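Chemist: Protein chains in written order, with the numbering used here: chain A, 58 to 171; chain B, 50 to 601; chain C, 62 to 186.
C-beta atoms are modelled at their ideal positions from N, C-alpha and C, and glycine is treated no differently.
Computed from a prediction, not measured in an experiment: that's the story for all the values here.
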């Protein structure tokens, strides 16, 4: 079995360090957070939370490679599972709300205030 | 520790899981008699899980070695109260239509099976939080606790609960993403997801900046579960939108899971953090001579605790809906309990151990909280609020009833419905921390542990907040006790489900009777709060346990 | 360094050439007739297309999709298990334990399936 380091990868791939991956992951997390706070469409907001989940996934895989163990990759499998469960549930809830309101805007939450 | 060895600790969860599978299928039977078996099966599962937790191994190789039996037993106990209270929450209209022969049983239109299965799933998640020995495990346990609650909120009533469910889901997903990112950073900083392994790494190499970021993000994200300040926005709306029994569930179950998780996260660096000499003779921060959490973590928790208490108590003053008052009070109580987390295990005695105080308070809060929400669930009005919220068509056709809602509805309750009125009075006084009720027994050790840890300013904030809380709790006490029934609003009628008043009366009785057993409970919680990373005996015991568990 | 990417570039060129050549040669050589109503019809595997593409789907498709998700996610866990299981000594105690684990895991899926069946997800009427 060949590991990633032994595989015949282009040289540019060897210049990538952990920091590059972490930067991508942090950028995704922050973009997801900003999107969640600023956008008012429920589907977009849902996608933003997914983006944040996958940002954590990227960080986990990068760290897994960095530490040369498989724990992070195992973690990612569980993250994907939970994200799938959340997707099924989130879309069901959004469809339910859409049937009631015929709108996907988060402003519709404003029925309860306090 | 391999999973095979781990199984001996999780028999209660396995029993709960099997019961969940059974309930999921039973609840979809076309026969009413079989469908009705759902809640007895849930009850039996909780009793069995509680017994298994007591009989199971007492000590685990973890930072909090005796946590499991205590945490699982209080979850099973309060779970039984909640189960009584949840009777008849879903499918009320469908069942009455089927009973009168106006509709046939349609599995797609009923929610009973899912509701009870999710109830058990969520409690299983809390128990798994207590047994967590790994970040992956903790993540899955927290998600198992909260995912079912989103659906439970949504199906609990016909009207506002949809918005409440969607709001709860979205903010919950945000919280989950935050603590997941924190867990990823903790793994990145230490190279392992095993909790003892991380502790071991911190003891040997100190806490690097990535791991510290991980600790902070984890605590912030888990703050959603306990409704602590930056993540508290959903609380009043969700509690108001959900049916009262489900609100009681939300106030206890995710909060317990969150506090167990925060305890485990805080025990990674431990409460004995300070400068120590490394193997190479260089002095750096590590698990050693200090007497508190790492400064950044302590400061974050400090600010969270102070803001959570203050925001919860101050905003509660302006509310008129009982559920919103209780929601803000639930936020405030999380703030109180965070004081115990910050204080940590200062000494061996119960009153010096902040963790023991939190564990005891969780039980006390669970009981009195079920009592107050049970009063709302036990009394209902016809029409009323359903008309206002625009659910006119469903409200009138089926003669739907709504729970009582405002403080006005509580007026004169001690005369019109004495049992409910006195339950409200007792539980509110207990939430206020009025001696000698259970709430006082719970709050007192938080003060003493805070003082023992030297967190004097925070204890002062706690004291001021307890005084502010008196204003709104006394409204809840005065309305049923002293005032006359409001002539404007229609009189409330008792609910047709006898289990609900039973839950209310049991909670009210527990608020009084458990005081008599406070000594035993405190002893148990003091034991559960014992940690191998307390300042007195830190590096030695903690590290050696860590090695044993890490390299099997 | 760029030489590593040469095969990719070649394949890319070949596909583009093949596709454009096909289009151009057909246009040049083939007989051209004015398009009729049948010719401009949407191709739907030989059937006559019915209705609009934007119509509402039955909610059962959603339920099927959710049930599919159960099996879909299950597969993720089977892959790492399979690679590990292949390396275990056949007939050893370890392999029995590993088989037991995955069987328990699959049994939980049966519960999900049973639930979906009782709920009426697989009933088409």
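1. Compare the C-beta of residue 137 of chain C with all C-beta atoms of chain A and state if any pair is closer than 7 Å.
2. In this structure, how does DSSP classify residue 100 of chain C when only helix, strand and coil are distinguished?
3. Using a C-beta cutoff of 7 Å, does residue 70 of chain B count as contacting chain C?
4. Do the stretch 546-562 of chain B and the stretch 372-392 of chain B meet, that is, are 3 or more Cβ pairs less than 8 Å apart?
5. Tell me where the beta strand (DSSP E) around residue 452 of chain B begins and ends.
6. Which residue comes first and which comes last in the alpha helix (DSSP H) that contains residue 177 of chain B?
7. Assign residue 119 of chain C to one of three DSSP states: helix, strand, or coil.
8. Can you look up residue 183 of chain B in the DSSP assignment and give me helix, strand or coil?
9. Please name the residue, chosen from B:292, B:298 and B:281, that lies closest to residue 357 of chain B on a Cα-to-Cα basis.
10. Find the nearest neighbour of residue 604 of chain B within the set B:491, B:386 and B:71, judged by alpha-carbon distance.
11. Buried or exposed for residue 68 of chain A, please, with buried defined as at least 16 other CB atoms from any protein chain shown within 10 angstroms of its CB.
12. Taking 7 Å as the CB-CB limit, is residue 65 of chain C close to chain A?
13. Short check: CB of residue 353 of chain B to CB of residue 277 of chain B, under 7 Å?
14. Spatial neighbours of residue 134 of chain C within its chain, please: C-beta separation below 6 Å, excluding the five flanking residues on both sides.
15. Measure the Cβ-Cβ separation of residue 291 of chain B and residue 202 of chain B and say whether it is below 7 Å.
16. Using a Cβ-Cβ cutoff of 8 Å, what residues of the stretch 105-139 of chain C are near chain A? List them in chain order.
17. In this structure, what does DSSP give as the bridge partners for residue 455 of chain B?
18. Could you tell me which of B:235, B:89, B:573 and B:294 sits nearest to residue 415 of chain B, measuring between CA atoms?
19. Anything in chain A within Cβ reach of residue 43 of chain C, meaning under 9 Å, just list it in chain order.
20. What residue from B:508, B:307 and B:312 has the CA that sits closest to residue 113 of chain B's CA?
21. Between which two residues does the alpha helix (DSSP H) holding residue 267 of chain B run?
22. Between which residues of its own chain and residue 97 of chain B is the CB-CB distance below 6 Å, once the five residues before and five after are set aside?
23. Near residue 528 of chain B, what residues of its chain come up, given a Cβ to Cβ distance below 6 Å and the 5 sequence neighbours on each side ignored?
24. Consult DSSP for residue 130 of chain A and reduce its assignment to one of helix, strand or coil.
25. Should residue 179 of chain B and residue 117 of chain B be called a contact, given that it needs their Cβ atoms to be closer than 7 Å?
26. Per DSSP, what are the beta-bridge partners of residue 542 of chain B in this structure?
27. What would DSSP say about residue 107 of chain B, mapped onto helix, strand or coil?
28. Assuming the contact rule is C-beta atoms closer than 8 Å, residue 406 of chain B and residue 498 of chain B should be a hit. Round their C-beta distance to whole Å, please.
29. How close, in whole Å, do the beta carbons of residue 104 of chain A and residue 215 of chain B come, if the pair is a contact with beta carbons under 8 Å?
30. Measuring only between beta-carbons, confirm whether residue 77 of chain B sits less than 7 Å from chain C.
31. Once DSSP output is grouped into helix, strand and coil, what is the label at residue 109 of chain C?
32. Can you have a look at residue 78 of chain C and say buried or exposed, based on whether 16 or more other CB atoms are within 10 angstroms of its CB?
33. Across the stretch 255-271 of chain B and the stretch 369-376 of chain B, are there enough close Cβ pairs to call them in contact, namely three or more that are closer than 8 Å?
34. Given that residue 74 of chain B touches chain C, what residues does it touch there, using C-beta distances under 8 Å?
35. Taking C-beta pairs closer than 8 Å, name the residues in chain F that residue 113 of chain A reaches, listed in chain order.
36. Straight-line CA distance for residue 194 of chain B to residue 401 of chain B?
Modeler: According to the data block:
1. Taking the third chain and counting its residues from 1, the one referred to as residue 137 of chain C is at position 76. At least one chain A Cβ lies under 7 Å of residue 137 of chain C.
2. Mapped onto the third chain, residue 100 of chain C falls at position 39. Coil.
3. For the purposes of this step, residue 70 of chain B is identified with residue 21 of the second chain, where counting begins at 1. Yes, because at least one Cβ of chain C sits closer than 7 Å to the Cβ of residue 70 of chain B.
4. no
5. Start at 1 with the first residue of the second chain, and residue 452 of chain B comes out as number 403. Start and end: 450-452.
6. As a first step, residue 177 of chain B must be located in the second chain, where it is residue number 128. Here the alpha helix (DSSP H) through residue 177 of chain B covers 161-180.
7. One-based indexing of the third chain puts residue 119 of chain C at position 58. Note: residue 119 of chain C maps to coil in three-state DSSP.
8. On the second chain, position 134 is the one that residue 183 of chain B refers to. Strand, per DSSP.
9. Position 308 of the second chain, counting from 1, holds the residue named residue 357 of chain B. Residue B:281 is the option with its Cα nearest to residue 357 of chain B.
10. The requested residue 604 of chain B does not occur in the structure, where chain B is confined to residues 50 to 601.
11. As a working mapping, residue 68 of chain A is identified with position 11 in the first chain. With fewer than 16 other Cβ atoms within 10 Å, it is exposed.
12. Against the third chain, residue 65 of chain C aligns to sequence position 4. Taking Cβ atoms only, chain A reaches closer than 7 Å to residue 65 of chain C, which makes this a yes.
13. For this step, residue 353 of chain B is matched to residue 304 along the second chain. For this step, residue 277 of chain B is matched to residue 228 along the second chain. Going by C-beta atoms, residue 353 of chain B is nearer than 7 Å to residue 277 of chain B.
14. On the third chain, position 73 is the one that residue 134 of chain C refers to. Answer for residue 134 of chain C: no residue qualifies.
15. As a working mapping, residue 291 of chain B is identified with position 242 in the second chain. As a working mapping, residue 202 of chain B is identified with position 153 in the second chain. Taking 7 Å as the Cβ cut-off, residue 291 of chain B and residue 202 of chain B qualify as a contacting pair.
16. 123, 127, 130, 133, 134, 137 and 138
17. To locate residue 455 of chain B, count along the second chain from 1; it is residue 406. For residue 455 of chain B, which the question treats as bridged, DSSP gives the partners B:370.
18. The residue labelled residue 415 of chain B in the question sits at position 366 within the second chain. The option with the nearest alpha carbon to residue 415 of chain B is B:294.
19. Outside the shown range of chain C (62 to 186) lies residue 43 of chain C, about which nothing can therefore be said.
20. Position 64 of the second chain, counting from 1, holds the residue named residue 113 of chain B. Residue B:312 is the option with its Cα nearest to residue 113 of chain B.
21. As a working note, residue 267 of chain B is residue 218 in the second chain. Segment 258-271, the alpha helix (DSSP H) holding residue 267 of chain B.
22. Here residue 97 of chain B refers to the residue found at position 48 of the second chain. Closer than 6 Å at the Cβ level, and outside the excluded window around residue 97 of chain B, lie 64.
23. Translated into positions along the second chain, residue 528 of chain B becomes position 479. Around residue 528 of chain B: 456, 459 and 460.
24. Along the first chain, read from residue 1 onward, the residue named residue 130 of chain A stands at position 73. If DSSP states are grouped into helix, strand and coil, residue 130 of chain A belongs with the helices.
25. Position 130 of the second chain, counted from the start, is the residue given in the question as residue 179 of chain B. Position 68 of the second chain, counted from the start, is the residue given in the question as residue 117 of chain B. Contact flag set, yes.
26. As a working mapping, residue 542 of chain B is identified with position 493 in the second chain. According to DSSP, residue 542 of chain B bridges with B:429.
27. Locating residue 107 of chain B in the second chain gives position 58, counting from the first residue. Residue 107 of chain B falls in the coil class under three-state DSSP.
28. Here residue 406 of chain B refers to the residue found at position 357 of the second chain. Here residue 498 of chain B refers to the residue found at position 449 of the second chain. Yes, residue 406 of chain B and residue 498 of chain B are in contact; Cβ-Cβ is about 5 Å, under 8 Å.
29. Here residue 104 of chain A refers to the residue found at position 47 of the first chain. Here residue 215 of chain B refers to the residue found at position 166 of the second chain. Actually they do not touch by this definition, with Cβ atoms about 15 Å apart.
30. As a working note, residue 77 of chain B is residue 28 in the second chain. So yes, residue 77 of chain B belongs to the interface.
31. What you label residue 109 of chain C is simply residue 48 of the third chain in a count that begins at 1. Coil.
32. Walking along the third chain from the start, residue 78 of chain C turns up at place 17. Residue 78 of chain C comes out exposed.
33. no
34. For the purposes of this step, residue 74 of chain B is taken as the residue at position 25 of the second chain. Per Cβ cutoff of 8 Å: 172, 175, 176 and 179.
35. Any reference to chain F falls outside this structure, whose protein chains are A, B and C.
36. In the second chain, the residue the question calls residue 194 of chain B occupies position 145. In the second chain, the residue the question calls residue 401 of chain B occupies position 352. One C-alpha to the other measures close to 30 Å.
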